[in-house]
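>
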Amino acid sequence: MNQLSQELSERLKAASDESIPLNEFVEAWLSRPFSLTPWAAWTLFSLIRHRPRQEFVAEIVKHRLGVKLEALAEEGYFAHPKGKGRGLVPGLEEWEYDLHGIGCCVTHRVSGESIDVDFFDESADWIALDFYKYYLSSLRTPELWEQRVIALHPGYDTVKYALDELLDTGLLEQHSTKEAARLAFDERAFSTLMNLFEKTRDENESLIRLAAVLGDAPLVKQLLKPEQVKPMIEQAATQVIEQREQFLAQQFEQSIDQTLALKGLQEHQSPNLDDYLKRTLNGEDSDTISTALKFIVKSKNVVWCPLIFDLMQRFDPTGGPNEFPQPEIWSQCLEFLLRHNYRFSETSESLREVHQYCLGEATLLALEFKPEYALTLFRKALRSTIPNNREIVAAVLAILDQPWSRRELLAALAESEEQEPTQEIRAAILQTHCNSAHQVVLNWEERNPREKEAGEWITVDEFHTRSIPHFLQWQMEERHDRVLPLRSVVPPEPESN
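This is the structure:
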C-alpha cells in the first residue's frame with residue numbers, strides 16, 4: 002500500500018468516528034489538504050467495488066461456462082464453447098452472458114446491471130475504461146460510490162480524467178499494451194470500512210463526514226441545511242469548483258482532447274461555457290464541433306442561429322484531412338435553423354442541392370419543412386451507393402407506411418436485381434403492413450436467390466447482410482417519434498417531372 006492509499010484508508014477510518022461534533026469535524030477535515038480531487042477519490046472507491054464484480058464475471062466464465070481465462074485471453078473467439086456464445090448463465094438464470102472476443106458481458110435480466118470484462122491474463126484485475134463507463138450507464142439504482150461518481154460525471158466520458166489522475170498518483174497501474182488499468186494496491190483492506198458506509202448510506206450525517214474527509218466540500222454544502230453552511234464551508238466548496246473549472250479550461254486550451262474538455266465544462270456548468278462553444282463553432286475540429294452542436298441544439302436558444310448558419314455555409318461534410326465524413330453536422334445545423342425559422346427561404350434552399358453524404362438526413366428535413374423537394378431526395382437516397390443513406394431513408398419510409406412511400410420503395414426495388422443495393426429496401430418493405438408489397442419482395446428473392454455462407458465462421462460482409470433487419474429496426478426506433486407526425490404529408494411530384 003503506497004503512502005496515498007494509506008492516507009485514504011486513514012481518512013475512511015476517521016469518517017466513521019462520530020465522537021467529534023459534526024460541525025467541528027467538517028471544518029477540521031475540509032481545512033486539511035488532500036492529494037486527490039473528489040472526482041478521483043469517489044471513482045477510486047467505485048473501482049475498488051468494481052474489482053469483485055469483475056471477479057464475479059470471471060467465476061462465471063471459469064466455472065459455469067467452462068472456459069479458462071488464460072485460453073480466452075490468448076485465443077479469443079477460438080476459446081469460446083461451440084454454440085454457447087450467449088445465453089442464460091447456468092445456475093444463475095437471472096443473469097445473461099455474452100462471450101465476445103477475449104471477454105464476457107453479463108447482464109441482470111431485471112435490474113439491467115451490465116458488467117463487461119476483457120481478460121488479458123488469468124486474472125480479472127484489468128478494468129477497461131469503456132466497459133466501466135458502460136457499467137455506470139447501466140445502473141438504474143446505483144450504490145453509494147457509483148451514485149456520486151455519476152453525479153460528478155453525468156455524461157460518463159469525463160471519468161477518464163479521474164482515471165488519469167489515479168494513474169498519475171500511482172493508485173492505478175496502466176496495462177503495458179491495452180487501454181485498461183488495475184488497482185495498484187490490495188483493495189481488500191478497504192472493504193470493511195466501505196461496507197460500514199454502505200450500511201449507513203441513508204444517514205445524512207454519515208455521508209457528510211465521508212464527503213468531508215474526501216475533500217468534497219460541494220457535497221458537504223449540498224447535504225447540510227442552509228443554516229449549517231458556515232463561511233468556511235462555502236469558501237471550501239467554491240474553491241473546489243473553481244479548481245475544477247481551471248483544470249477543464251486548461252485541458253481545453255491544450256487542445257489534446259477538446260471534445261472531452263468541452264463535455265467536462267458542460268457538465269460542470271461552466272459560467273464561460275458559451276465562450277467555449279463559440280470558439281468551437283469557429284474552429285476546425287469536427288468531433289468537438291459535433292459535441293458543441295449537441296449542447297446548443299438541446300438548449301433551443303435562438304441566439305446561436307447566426308453562428309450555426311455560418312458554420313453550415315463553410316462546413317465540408319466529406320470531412321477534413323484524416324477525418325471521417327460527418328454529414329450529421331450539416332444536418333444538425335440545417336435542422337436547428339429550420340426549426341427556429343432563421344432565414345428560412347435561404348436556409349430551406351439548401352435542400353435543393355444536397356451533398357451525397359447528407360442525403361439520408363436531408364430527406365426527413367425536406368418532408369417536414371420543404372415537401373416539394375422531398376421526393377427527389379428520397380429517390381436519390383434509395384439509390385445511393387452509400388449504405389447509411391439507404392438505411393436511413395428506408396427506415397423513414399417504413400415508418401410512414403403510406404401508399405406513396407411504399408410506391409417509392411417498390412419502384413427502387415424494381416430497378417435492380419442486385420442483392421447489396423436493395424437489402425435495406427427489401428427489409429423496409431417487409432416492415433410495412435402491406436401484404437401485397439411483402440409478396441413483391443418474396444418474388445424478387447425467389448428470382449434472385451442469395452447464397453449464404455456456410456460454416457461456423459462467416460465474413461464481415463455476411464454478418465452485415467444478416468444484420469440489416471436489426472440495423473433498420475434500430476433506425477426506425479431512433480426516428481419513430483419524429484416521423485410519425487409526418488404520415489399525413491404527401492410530397493408532390495417534382496416540377497421537372
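If you use this note's numbering, the sequence shown closes out at 498, no skipped numbers anywhere.
Beta carbons are placed, not taken as given, at the ideal position from N, Cα and C, and that holds for glycine.
1. Pair every Cβ in the stretch 302-316 with every Cβ in the stretch 339-358, then say whether three or more of these pairs are closer than 8 Å.
2. So Gln476 is in the alpha helix (DSSP H); what residue range does that whole segment cover?
3. Is the CB-CB distance between Ile426 and Leu414 below 8 Å?
4. Please list, in chain order, all residues of the same chain as Glu177 whose beta carbon is under 6 Å from its beta carbon, the five residues on each side excluded.
5. Could you give the distance in angstroms between the alpha-carbon of Gln476 and the alpha-carbon of Thr433?
6. Looking only at its own chain, which residues have a Cβ that is under 8 Å from the Cβ of Cys435, when we skip the five neighbours before and after it?
7. Between the beta-carbon of Ala262 and the beta-carbon of Ala238, is there less than 8 Å?
8. Can you tell me whether DSSP reads Val118 as helix, strand or coil?
9. Looking at the strands, I want to know which residues DSSP matches up with Tyr98.
10. According to DSSP, which residues form a beta bridge with Arg183?
11. Cutting at 7 Å between CB atoms, please list the residues of its own chain near Ala396, excluding the five before and the five after it.
12. According to DSSP, Asn213 sits in a beta bridge with which residue or residues?
13. What residue does the alpha helix (DSSP H) around Leu130 start on, and which one ends it?
14. Let me know the secondary structure DSSP gives Glu66 once reduced to three states.
15. So Pro328 is in the alpha helix (DSSP H); what residue range does that whole segment cover?
16. Sort Leu66, Asp317, Ile151 by Cα distance to Trp40 and report the nearest one.
17. So, for Pro495: in the same chain, excluding its five sequence neighbours on each side, which residues have a beta-carbon less than 7 Å away from its beta-carbon?
18. Compute the Euclidean distance between the alpha carbons of Arg316 and Phe296, then round it to the nearest angstrom.
19. If I follow the unbroken alpha helix (DSSP H) through Asp288, where does it start and stop?
20. For the stretch 33-53 against the stretch 141-161, do three or more pairs of beta-carbon atoms, one drawn from each stretch, fall closer than 8 Å, so that the two count as touching?
21. Let's test the definition: count the other Cβ atoms within 10 Å of the Cβ of Ser385 and tell me whether it reaches 16, buried, or not, exposed.
22. Would you kindly check if the distance between the Cβ of Ala367 and the Cβ of Tyr358 is under 8 Å?
23. If you compare alpha carbons, which of Thr364, Glu347, Asp258 is closest to Lys381?
Taking the coordinates as given:
1. These segments touch.
2. Translated into positions along the sequence shown, residue 476 becomes position 475. Taken as a continuous stretch (DSSP letters only), the alpha helix (DSSP H) holding Gln476 covers 461-484.
3. As a first step, residue 426 is located in the sequence shown; it is residue number 425 there, counting from the start. As a first step, residue 414 is located in the sequence shown; it is residue number 413 there, counting from the start. Yes. Within cutoff.
4. On the sequence shown, residue 177 is found 176 positions in, with the first residue counted as 1. The sequence given here places Ser at residue 177; Glu does not occur at that position. Annotation for Ser177: no residue places its beta carbon closer than 6 Å to its own, counting only its chain and skipping 5 residues before and after.
5. Your numbering for residue 476 matches position 475 in the sequence shown. Your numbering for residue 433 matches position 432 in the sequence shown. Linking Gln476 to Thr433 through their CA atoms gives a straight-line distance of about 14 Å.
6. In the sequence shown, counting from the first residue as 1, residue 435 sits at position 434. Within its own chain, the residues whose Cβ lies closer than 8 Å to the Cβ of Cys435, once the five positions on either side in sequence are excluded, are Asp402, Arg407, listed in chain order.
7. In the sequence shown, the residue the question calls residue 262 occupies position 261. In the sequence shown, the residue the question calls residue 238 occupies position 237. Taking C-beta atoms as the reference points, Ala262 and Ala238 fail to come closer than 8 Å.
8. Here residue 118 refers to the residue found at position 117 when the sequence shown is read from its first residue. Strand.
9. Walking along the sequence shown from the start, residue 98 turns up at place 97. Answer is Gly88, Val107, bridged to Tyr98.
10. Taking the sequence shown and counting its residues from 1, the one referred to as residue 183 is at position 182. DSSP output for Arg183 lists Glu174 as bridge partner(s).
11. For the purposes of this step, residue 396 is taken as the residue at position 395 of the sequence shown. These residues qualify, in order along the chain: Ala429, Leu473, Gln476, Met477, Arg480.
12. Residue numbering aside, residue 213 sits at position 212 when the sequence shown is read from its first letter. Before going on, a small fix: residue 213 reads as Ala here, not Asn. DSSP, once it has assigned bridges, lists no residue as partnering Ala213.
13. Numbered from 1 along the sequence shown, position 129 holds the residue referred to as residue 130. For Leu130, the uninterrupted alpha helix (DSSP H) run begins and ends at 130-139, by DSSP.
14. On the sequence shown, residue 66 is found 65 positions in, with the first residue counted as 1. With the sequence shown as reference, residue 66 is identified as Leu, and Glu is not the correct amino acid for it. Coil, per DSSP.
15. As a position in the sequence shown, residue 328 is number 327, starting the count at 1. Counting along the chain, the alpha helix (DSSP H) containing Pro328 begins and ends at 328-340.
16. For the purposes of this step, residue 40 is taken as the residue at position 39 of the sequence shown. Nearest C-alpha to Trp40: Ile151.
17. The residue given as residue 495 occupies position 494 in the sequence shown. Correct list, in chain order: Leu376, Thr377.
18. On the sequence shown, residue 316 is found 315 positions in, with the first residue counted as 1. On the sequence shown, residue 296 is found 295 positions in, with the first residue counted as 1. The residue you asked about is not Arg; residue 316 is Phe in the sequence shown. Roughly 18 Å separates the two Cα atoms.
19. Residue numbering aside, residue 288 sits at position 287 when the sequence shown is read from its first letter. That run of the alpha helix (DSSP H) goes 287-300.
20. They touch, by the three-pair rule.
21. Position 384 of the sequence shown holds residue 385. Within 10 angstroms of the beta-carbon of Ser385 lie 16 or more other beta-carbons, which makes it buried.
22. Sequence index remark: in the sequence shown, residue 358 carries index 357 (1-based). Sequence index remark: in the sequence shown, residue 367 carries index 366 (1-based). At a Cβ-Cβ threshold of 8 Å, Tyr358 and Ala367 do not count as neighbours.
23. For the purposes of this step, residue 381 is taken as the residue at position 380 of the sequence shown. It is Thr364 whose Cα lies nearest to the Cα of Lys381.
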